[in-house]
Structures are given as structure tokens and as C-alpha cells.
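Numbering (full-length UniProt numbering), first residue to last: 1 to 222.
The C-beta atom is built at its ideal place from N, Cα and C for all residues, glycine as well.
Quick caveat: nothing in here was measured; it's all calculated off a predicted structure.
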């Protein structure tokens with residue numbers, strides 16, 4: 001299983017709509033480039049996917065908060081940047097199955113004060129079920145996967161679609177894992193979805209995300 005970076009079937013979000021969204025960047029030769037999404041938890045911590053920071057030293061990471069359009073600095077409110085002091089990946093993270101794919105990032109300097117485009121996400125304080133709720137996926141992942149027919153093999157091969165500069169969003173329903181597994185089987189795949197996973201998506205497909213993303217329940221209430 002290999003993750004890919006996509007927000008499939010989404011649309012451009014409006015500035016400041018997702019103020020906890022973070023662009024996680026990694027040092028590449030001469031600059032920091034966007035790698036994954038992250039979410040602001042409080043003034044000292046953010047959360048991201050563990051596979052995004054696996055084997056990456058904290059000194060190579062930079063968090064950009066309040067970002068909307070990666071291609072310009074001309075926005076209604078400016079962004080903030082924070083260096084990463086500590087990377088704390090979940091001790092049970094499995095890079096093969098992506099179970100416990102979580103990592104906490106501690107800033108060198110706290111994020112204060114908050115502003116209209118930089119606010120922490122509300123996190124549920126219990127183990128309530130969100131099945132039947134609407135989830136929103138946000139990020140700068142690829143807009144679609146291009147499938148081309150290989151002339152030699154005659155088989156369809158996936159190729160990466162374009163990367164957007166503006167933060168994308170897409171809504172998907174949260175469904176129970178048993179129904180999710182049956183949808184995979186109907187599509188010709190056999191997948192076991194552990195109880196720690198949340199499955200969200202449409203049976204018809206076309207709206208999706210992988211990596212470089214965050215998923216939030218619509219109400220965003222604690």
C-alpha cells in the first residue's frame with residue numbers, strides 16, 4: 001500500500017474557511033517545499049500523518065499556518081511560519097498498513113495570538129461515532145489521477161494529475177467499516193479496515209483524498 005497525494009473531485013475553498021489547516025514543508029536542496037497537510041491543535045502543537053515525517057529530522061521541517069494560495073503572498077491576512085522542535089510519531093505506527101498514522105509536531109515558538117485565519121481545530125473529547133455525519137477533506141493534494149493506456153502492455157496505468165495552488169475542499173459521508181469493506185469487494189478489492197480507521201466516501205467514487213490532507217466532521221464542535 002502506497003499513499004498518493006490527492007484531493008479528488010474537490011473545489012477551491014474560500015480564504016480563512018479552514019483556519020487550522022497547515023502546510024507542512026520539507027527542506028529540499030535550497031528551499032522548503034509543501035509536502036503534506038497538518039492541523040493546528042493548540043498554540044504549541046500540530047498533528048499530521050506519521051508517514052509524512054518518517055525519517056525526517058525536525059530541522060528539515062517548517063509549518064506554514066494561515067496559508068491559502070501557495071502561489072502568492074498577496075492575501076487578506078498574512079501567514080505564520082514555525083520551526084519544528086519535536087516530532088512524536090505514534091509508537092504503534094505501521095508504515096505497511098498505515099495503522100496509527102499519526103504524528104505530533106511541537107513548535108519552537110508558540111502561536112500567539114490566534115487570528116481569523118489561524119485557529120486550532122476542535123477535537124472531540126470522547127469516542128463518539130461519526131457514522132452518518134458529513135466529513136470535509138482539505139488540502140493541496142493532486143486534483144485527480146490521470147489513467148493512461150500503456151501502448152506496450154495494454155494496461156491502464158495511473159499518472160499524477162496537477163497540483164493546485166489554492167486550498168481544496170471536498171465533502172464525503174462517514175460510513176461504517178463493514179459497509180466500506182463491501183464497497184471494496186464490489187470494486188474487486190479485498191480490504192480489511194481496522195476498527196481504528198474511519199472510512200468516508202461515496203459508492204460512485206469521484207470524490208476522494210489521499211495523503212497531504214485533513215478530514216474533519218462538518219460541525220467542528222468539541
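Exercise. Since residue 45 sits in a beta bridge, which residues does DSSP pair it with?
Worked result: 106
Exercise. For residue 123, does the count of other Cβ atoms within 10 angstroms reach 16, so buried, or fall short, so exposed?
Worked result: exposed
Exercise. Among residues of its own chain, excluding the 5 on either side of residue 80, which ones have a beta-carbon nearer than 7 angstroms to its beta-carbon?
Worked result: 65, 66, 111 and 118
For this session: Consult DSSP for residue 186 and reduce its assignment to one of helix, strand or coil.
Result: helix
Problem set entry | Cβ-based neighbour list, residue 45, same chain, cut-off 6 angstroms, excluding 5 preceding and 5 following | 104 and 106
For this session: Pick out whichever of 164, 196, 136 and 94 has its Cα sitting closest to the Cα of residue 70.
Result: 164
Exercise. Out of curiosity, what's the CA-to-CA distance linking residue 27 and residue 130?
Worked result: 37 angstroms
For this session: Can you give me the Cβ contacts of residue 171 inside the same chain, cut-off strictly under 6 angstroms, excluding the 5 residues immediately before and after it?
Result: 134 and 136
For this session: Look at the Cβ atom of residue 84, then the Cβ atom of residue 120, and state whether they are nearer than 8 angstroms.
Result: no
For this session: Enumerate in chain order the residues of its own chain whose CB-to-CB distance from residue 176 is below 7 angstroms, with the five nearest sequence positions on each side excluded.
Result: 131
Problem set entry | Residue environment, residue 192, which counts as buried when at least 16 other CB atoms sit within 10 Å | Residue 192 should be labelled exposed.
Exercise. What is the DSSP secondary structure of residue 53, counted as helix, strand or coil?
Worked result: helix
Exercise. Roughly how many whole angstroms lie between the Cα atoms of residue 11 and residue 90?
Worked result: 32 angstroms
Problem set entry | Alpha carbon of residue 13 to alpha carbon of residue 92, nearest angstrom | 34 angstroms
Exercise. Does the distance from the CB of residue 20 to the CB of residue 40 come in under 8 angstroms?
Worked result: Yes, they are a contact pair.
Problem set entry | Alpha-carbon to alpha-carbon, residue 42 and residue 34 | Rounded to the nearest angstrom, the two C-alpha atoms are 21 angstroms apart.
Exercise. Which first and last residues belong to the beta strand (DSSP E) in which residue 59 is found?
Worked result: No beta strand (DSSP E) holds residue 59; DSSP gives it neither H nor E.
Problem set entry | Inter-residue spacing [alpha-carbon to alpha-carbon] between residue 200 and residue 31 | 35 angstroms
Exercise. Under a three-way DSSP split, which group does residue 92 fall into?
Worked result: coil
Problem set entry | Under 8 angstroms between C-beta atoms of residue 116 and residue 188 | no
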